[in-house]
Amino acid sequence: MLEVRDICKTYNAGAVTELRLFDHFSLSVDDGQFVAIVGSNGSGKTSLLNLICGSIPADSGDILVGGKSIVKLPDYQRYITMGRVYQNPASGTCPNLTMLENLSLADNKGRSYGLTRGINRRRVDFYRSELASLGLGLEDKLNVKMGSLSGGQRQAVALVMATMTPLKFLILDEHTAALDPKTAEIIMQLTDKVVREKQLTAMMVTHNLRYAVEYGDRILMMNHGHVVLDKAGEEKKNTSIDEILGMFNKISIECGN
Amino acid sequence: MKNNTFKKLLTAALALTMTASLAACGSTGAASSAASAGASAAASGAASDAHYTIGLAQYGEHASLDNCREGFLQGLTDSGLLTADNITLDYQNAQFDDSIDTQIAQSFSAENCDLMVGIATPSAIACYAAAEDKNIPVIFTAVTDPEAANLTAGNCTGTSDKLPVEAQLDLIRQMQPDAKTIGIIYTTSEPNSVSAIAEYKEKAGDYGFTIDEIGVTAQSEVTQAADKLIADKVDCLSNLTDNNVVGVLSSILEKTNEAGIPVYGSEVEQVKIGCVAAAGIDYYQLGIQTGIMAAKILTGATTCDDTPFETISEYGIYVNSEALAAMNITVPDEIAAKAIESTEA
Amino acid sequence: MLDLIVSTLTQGLIYALISFGVYITYTILDFPDLGVDGSFPLGAAVTAVMLVAGANPYLTLLAAIAAGALSGLATGIIHVKLHVRNLLAGIITQTALFSINLQIAGSNLTVDRSSDTIFTAAPTMALFGGLSLLARKLAVTLVVVVVVKLVLDAYFRTKSGLLLRAVGDNSTLVTTLAKNMGNMKILGLMISNALVALAGCIVCHEQRSFSATMGTGQLVFGLATVIIGITLFRRLSFVKGTTAVIVGSVLYKACIQVAISVGLPANLLKLITAALFLLVLVCSGRKGEEIIHA
Chain F
7 MLEVRDICKT
17 YNAGAVTELR
27 LFDHFSLSVD
37 DGQFVAIVGS
47 NGSGKTSLLN
57 LICGSIPADS
67 GDILVGGKSI
77 VKLPDYQRYI
87 TMGRVYQNPA
97 SGTCPNLTML
107 ENLSLADNKG
117 RSYGLTRGIN
127 RRRVDFYRSE
137 LASLGLGLED
147 KLNVKMGSLS
157 GGQRQAVALV
167 MATMTPLKFL
177 ILDEHTAALD
187 PKTAEIIMQL
197 TDKVVREKQL
207 TAMMVTHNLR
217 YAVEYGDRIL
227 MMNHGHVVLD
237 KAGEEKKNTS
247 IDEILGMFNK
257 ISIECGN
Chain H
8 MKNNTFKKLL
18 TAALALTMTA
28 SLAACGSTGA
38 ASSAASAGAS
48 AAASGAASDA
58 HYTIGLAQYG
68 EHASLDNCRE
78 GFLQGLTDSG
88 LLTADNITLD
98 YQNAQFDDSI
108 DTQIAQSFSA
118 ENCDLMVGIA
128 TPSAIACYAA
138 AEDKNIPVIF
148 TAVTDPEAAN
158 LTAGNCTGTS
168 DKLPVEAQLD
178 LIRQMQPDAK
188 TIGIIYTTSE
198 PNSVSAIAEY
208 KEKAGDYGFT
218 IDEIGVTAQS
228 EVTQAADKLI
238 ADKVDCLSNL
248 TDNNVVGVLS
258 SILEKTNEAG
268 IPVYGSEVEQ
278 VKIGCVAAAG
288 IDYYQLGIQT
298 GIMAAKILTG
308 ATTCDDTPFE
318 TISEYGIYVN
328 SEALAAMNIT
338 VPDEIAAKAI
348 ESTEA
Chain X
12 MLDLIVSTLT
22 QGLIYALISF
32 GVYITYTILD
42 FPDLGVDGSF
52 PLGAAVTAVM
62 LVAGANPYLT
72 LLAAIAAGAL
82 SGLATGIIHV
92 KLHVRNLLAG
102 IITQTALFSI
112 NLQIAGSNLT
122 VDRSSDTIFT
132 AAPTMALFGG
142 LSLLARKLAV
152 TLVVVVVVKL
162 VLDAYFRTKS
172 GLLLRAVGDN
182 STLVTTLAKN
192 MGNMKILGLM
202 ISNALVALAG
212 CIVCHEQRSF
222 SATMGTGQLV
232 FGLATVIIGI
242 TLFRRLSFVK
252 GTTAVIVGSV
262 LYKACIQVAI
272 SVGLPANLLK
282 LITAALFLLV
292 LVCSGRKGEE
302 IIHA
């Protein structure tokens with residue numbers, strides 16, 4: 007279980023542009039839940055993910071994973087039990103390493119990176135089967151440099167890499183936003199498959215309301231650092247996409263969009 | 008795509024140019040080795056028929072070093088042993104870059120030239136290293152401390168430009184009978200300067216002076232050091248042959264002239280620029296002395312082993328009347344009698 | 012002519028060690044490390060002092076590597092832990108090293124011909140005693156450079172090596188792999204500066220001298236050779252980066268040698284170098300900044 011307790015975060019403190027985004031913000035996510043977070047620009051969705059991952063520091067408050075505070079840990083230590091897929095397909099893989107090298111790096115996450123061979127040949131078959139399950143024909147391109155693959159292919163590999171080792175959380179940061187609609191659909195289906203198969207707890211920020219309704223167990227709508235809509239389980243099932251769209255339009259108008 | 012082809016072509020052209028130039032340098036090398044083969048055959052005969060290739064490496068462009076080189080060439084013919092027809096000179100300048108110096112010296116060695124000349128310590132060291140397993144004699148000049156530079160063993164000799172410190176102290180005492188403090192700026196990484204400072208400090212007391220020295224690590228710090236010495240109210244400045252200091256001598260002189268502090272040089276070029284006087288080296292003379300030495304060794308009249316390195320046999324007293332007048336210094340008759348007027352023409 | 016090729020090749024190979032170092036910091040880590048201009052004379056200073064004191068010449072190789080690694084550690088800590096920008100961190104180390112090098116060596120230092128170097132000591136003579144000194148210098152240098160190249164190539168295939176390559180390629184990923192990117196940068200800087208100091212060490216054996224100013228311009232040299240090498244072999248993916256930079260270094264020294272042999276006016280030497288560099292950059296069509304990660 008993830009608990010965000012009384013988090014405060016102010017940007018540009020003391021400046022004319024001071025922005026108090028979170029004022030004693032709290033949220034808890036149950037294990038195994040797939041939370042879809044929507045909201046207009048500047049509503050605090052991505053900031054929330056960054057606070058959880060430690061990419062930006064919180065001013066006050068606490069973040070707990072399984073009852074243990076992680077708020078004082080540096081970002082890279084928090085990732086021991088977290089995976090993250092970014093909006094930019096280039097962020098999740100190394101363009102100048104081959105796919106095999108990329109997968110080997112990810113496969114070793116959580117262990118030491120010493121002077122033993124970087125590529126474990128015995129794992130190659132496993133990598134192939136993981137890639138084959140994507141259905142993109144990537145299993146034959148293990149020795150191709152990542153940079154020469156398309157955005158969608160890279161994002162698929164990034165997803166495989168992020169979920170290769172045991173995780174407590176998977177963070178999906180608008181990970182379909184930079185892809186064309188067809189590829190986005192494929193990646194979203196793959197995401198759903200991985201999350202269900204591995205029974206992951208996932209938090210997904212998205213601009214696509216349909217994805218949020220279709221794939222999320224729980225929908226959070228954020229506005230100005232507040233949760234304005236939070237529906238899970240039965241309540242979520244009874245919520246239509248139109249209802250959420252109506253709400254979304256309302257807050258967007260408030261924002262002047 | 009068209010653009011790509013163009014780039015490929017360019018790259019290919021570049022590679023070709025490199026290869027072609029390498030081949031070209033091959034022919035140069037072959038030509039000079041043929042020449043030196045002829046030279047050694049002729050060496051047993053009359054000296055006037057003999058032909059010698061001299062590789063001359065100069066550390067950088069610098070008035071003193073240029074004078075040294077010109078003096079050296081003069082000295083070769085002054086020796087009476089050689090004429091210009093006997094000599095092929097391969098002159099290279101390293102532009103103060105040690106690694107280029109190395110390559111220059113190695114190309115001399117590869118050409119099997121008959122003599123290598125290193126002007127200034129780094130060039131001398133590079134020539135000496137390149138000649139390590141060959142029996143090519145190395146002649147150095149403008150090296151202050153050949154012993155510290157380990158240039159005294161092997162087929163190597165030359166001339167030192169060690170400063171006549173006592174003569175300089177004596178000169179300053181006679182020019183400024185009331186002076187107490189001499190300011191000196193020097194580069195801490197230049198061994199020549201460090202040893203000169205040590206000698207200044209050791210002997211200053213004998214002439215009733217104290218030395219106010221400031222060490223710098225780079226040329227950019229020199230003018231600041233000059234400001235400090237002026238603020239310290241030193242009675243005069245005295246220069247070494249420190250490259251960093253000499254390089255910005257004009258801007259030092261601007262400051263000291265304004266403050267009314269005379270600056271003494273260490274060689275004739277510095278006096279020409281505006282120092283009041285110097286008991287120092289004329290690098291042209293040093294070059295001549297070296298050239299004569301080289302001619303003797305080249306023609307087999309003597310060997311490096313039998314020729315210990317020499318310091319300048321005669322130092323000169325150089326004065327700049329204009330600068331002296333500006334400082335209201337009257338030159339004692341004794342000095343005026345032997346001084347050489349060295350005002351920039 | 013043969014002698015000239017041998018000595019030019021030797022110079023190219025010795026300085027290729029600097030290219031290796033710059034290849035790691037600039038190409039792999041995206042870190043233009045000006046500390047290189049200080050690590051190079053550092054290696055020479057340590058070596059000169061040890062040779063003068065009569066130490067085992069082969070030991071100086073290890074000592075120089077260790078000294079260089081320390082200098083890389085300093086740059087790394089200044090950059091990573093004290094959050095000083097990379098260019099400035101390198102400048103600080105370089106400036107400090109100027110004094111430190113002089114403290115180590117006293118002043119510019121030469122080594123007497125009677126002292127053994129790695130080119131004249133008994134084990135070398137046992138292996139290459141039949142060769143002239145010039146050829147021996149090439150043989151020993153070749154051994155050192157080939158060993159370093161193979162070790163580097165092997166290292167880049169280890170887990171640690173893969174992670175190091177990932178730092179320059181995509182530092183975000185390194186963080187999500189739960190690894191401290193800063194520590195990897197420090198490691199890269201240590202390896203790089205160790206290699207640069209090793210170059211300084213061998214130059215000191217070869218020239219029997221250390222000079223405080225010998226490091227000036229070595230980073231620029233390294234960058235030029237890395238870019239020349241990588242550009243030339245860009246389309247040949249089977250040529251490793253380490254091989255490419257060796258070729259870059261040898262070509263660079265060959266061009267200088269050509270300029271010397273053709274008898275170009277000395278004050279044009281640097282201009283020729285600059286022109287060559289520009290030509291290669293234009294050919295590459297990348298103008299430098301994208302060469303990183305190539």
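So the protein lines, in turn, are chains F, H and X. Each step along the first sequence adds one to the number in the numbering used here, with nothing skipped, and position 155 is 161. Each step along the second sequence adds one to the number in the numbering used here, with nothing skipped, and position 330 is 337. Each step along the third sequence adds one to the number in the numbering used here, with nothing skipped, and position 213 is 224. Using N, Cα and C, we set each Cβ at its ideal position, and we do this for glycine too.
With a threshold of 8 Å between beta-carbons, can Ile-132 (chain H) be considered close to chain X, or not?
yes
Should Ser-203 (chain X) and Asp-44 (chain X) be called a contact, given that it needs their Cβ atoms to be closer than 8 Å?
yes
Could one say the Cβ of Ile-29 (chain X) lies closer than 8 Å to chain H's Cβ atoms, at least one of them?
Not closer than 8 Å to any Cβ of chain H, the Cβ of Ile-29 (chain X) fails to qualify, so no.
Tell me which residue opens and which closes the alpha helix (DSSP H) that His-216 (chain X) is part of.
Looking at the DSSP string, the run of the alpha helix (DSSP H) that includes His-216 (chain X) is 192-218.
In whole angstroms, what separates the C-alpha of Leu-292 (chain X) from that of Gly-240 (chain X)?
11 Å
By how many angstroms is the C-alpha of Ile-347 (chain H) removed from the C-alpha of Ile-336 (chain H)?
16 Å
Does DSSP classify Val-130 (chain F) as helix, strand or coil?
Assigned with DSSP and collapsed to three states, Val-130 (chain F) falls in helix.
In the DSSP output, which residue or residues are listed as bridge partners for Gly-287 (chain H)?
H:Gly-323
Three Cβ pairs or more, each shorter than 8 Å: is that satisfied between the segment 145-159 of chain X and the segment 83-97 of chain F?
no
I want to verify the contact list: residues of chain X whose CB lies under 9 Å from the CB of Tyr-85 (chain F), in sequence order.
Within 9 Å Cβ-Cβ: Thr-186, Thr-187, Leu-188, Ala-189, Lys-190.
Quick one: residues in its chain with C-beta nearer than 8 Å to the C-beta of Ile-126 (chain H), no 5 flanking neighbours on either side, listed in chain order?
Leu-63, Ala-64, Gln-65, Tyr-66, Leu-72, Cys-75, Arg-76, Phe-79, Phe-147, Thr-148, Ala-149
Please list, in chain order, all residues of the same chain as Val-201 (chain F) whose beta carbon is under 6 Å from its beta carbon, the five residues on each side excluded.
Phe-40, Ala-208
Return the residue from the list H:Ile-107, H:Asp-234, H:Ile-191, H:Ala-238 that minimises the CA-CA distance to Thr-217 (chain H).
For Thr-217 (chain H), the nearest C-alpha among the options comes from H:Ile-191.
Taking C-beta pairs closer than 9 Å, name the residues in chain H that Val-122 (chain X) reaches, listed in chain order.
Asn-157
Extract the residue ranges of the alpha helix (DSSP H) inside the segment 110-167 of chain F, only unbroken runs of 4 or more that lie entirely within it.
The qualifying runs are 130-138.
What ranges does the alpha helix (DSSP H) occupy inside the segment 221-288 of chain H, keeping only unbroken runs of at least 4 residues that lie completely in it?
229-238, 250-254, 256-266, 275-280
With respect to the alpha helix (DSSP H) encompassing Ser-126 (chain X), which residues constitute its N-terminal and C-terminal limits?
That residue, Ser-126 (chain X), is in no alpha helix (DSSP H); it is neither H nor E in DSSP.
Can you grab the Cα-Cα spacing for the pair Glu-9 (chain F) / Asp-68 (chain F), in whole Å?
8 Å
Can you grab the Cα-Cα spacing for the pair Val-255 (chain H) / Thr-224 (chain H), in whole Å?
14 Å
In whole angstroms, what separates the C-alpha of Thr-297 (chain H) from that of Ile-76 (chain X)?
41 Å
At a CB-CB cut-off below 9 Å, which residues of chain X make contact with Gly-98 (chain F)?
Going along chain X in sequence order, the residues near Gly-98 (chain F) (Cβ under 9 Å) are Asn-181, Thr-183, Leu-184, Thr-187.
Which chain H residues sit within Cβ distance under 7 Å of Ile-271 (chain X)?
Correct list: Gln-99, Gln-110, Ile-111, Ser-114.
Check the Cβ of Glu-107 (chain F) against every Cβ in chain X and list those closer than 7 Å, keeping chain order.
For the C-beta of Glu-107 (chain F), the chain X residues within less than 7 Å are, from N- to C-terminus, Leu-173.
In this structure, how does DSSP classify Val-265 (chain F) when only helix, strand and coil are distinguished?
Beyond the ends of chain F as shown, which are 7 and 263, falls residue 265 (chain F); an answer cannot be given.
Got a sec: is the Cβ-Cβ distance from Lys-92 (chain X) to anything in chain F below 8 Å?
no
Can a CB atom of chain H be found closer than 8 Å to the CB of Ala-223 (chain X)?
yes
Using a Cβ cut-off of 8 Å (strictly closer), state whether Asp-81 (chain F) contacts chain X.
yes
Near Ala-137 (chain H), which residues of its chain fall below 6 Å by C-beta distance, leaving aside the five closest residues on each side in sequence?
Ala-112, Gln-113, Ser-116
Using the Cα positions of Gly-48 (chain F) and Leu-251 (chain F), report the straight-line distance between them to the nearest angstrom.
18 Å
Using a Cβ cut-off of 7 Å, which residues of the segment 212-236 of chain H contact any Cβ in chain X, in chain order?
Thr-224
Taking a Cβ distance cut-off of 8 Å, strictly less, list which residues of the segment 51-68 of chain F are near chain X, in chain order.
none
Between the segment 116-126 of chain F and the segment 183-202 of chain F, do three or more beta carbon pairs fall short of 8 Å?
Counting C-beta pairs with one atom in each stretch, the segment 116-126 of chain F and the segment 183-202 of chain F have fewer than three that are closer than 8 Å, which means they do not touch.
Does the segment 26-34 of chain X touch the segment 220-233 of chain X, meaning 3 or more C-beta pairs lie closer than 8 Å?
yes
By how many angstroms is the C-alpha of Lys-279 (chain H) removed from the C-alpha of Tyr-37 (chain X)?
48 Å
Would Thr-166 (chain H) be called buried (16 or more neighbouring beta carbons within 10 Å of its own) or exposed?
buried
Can you pull the chain X residues whose beta carbon is under 8 Å from the beta carbon of Asp-140 (chain H), in chain order?
Ser-143, Leu-144, Leu-145
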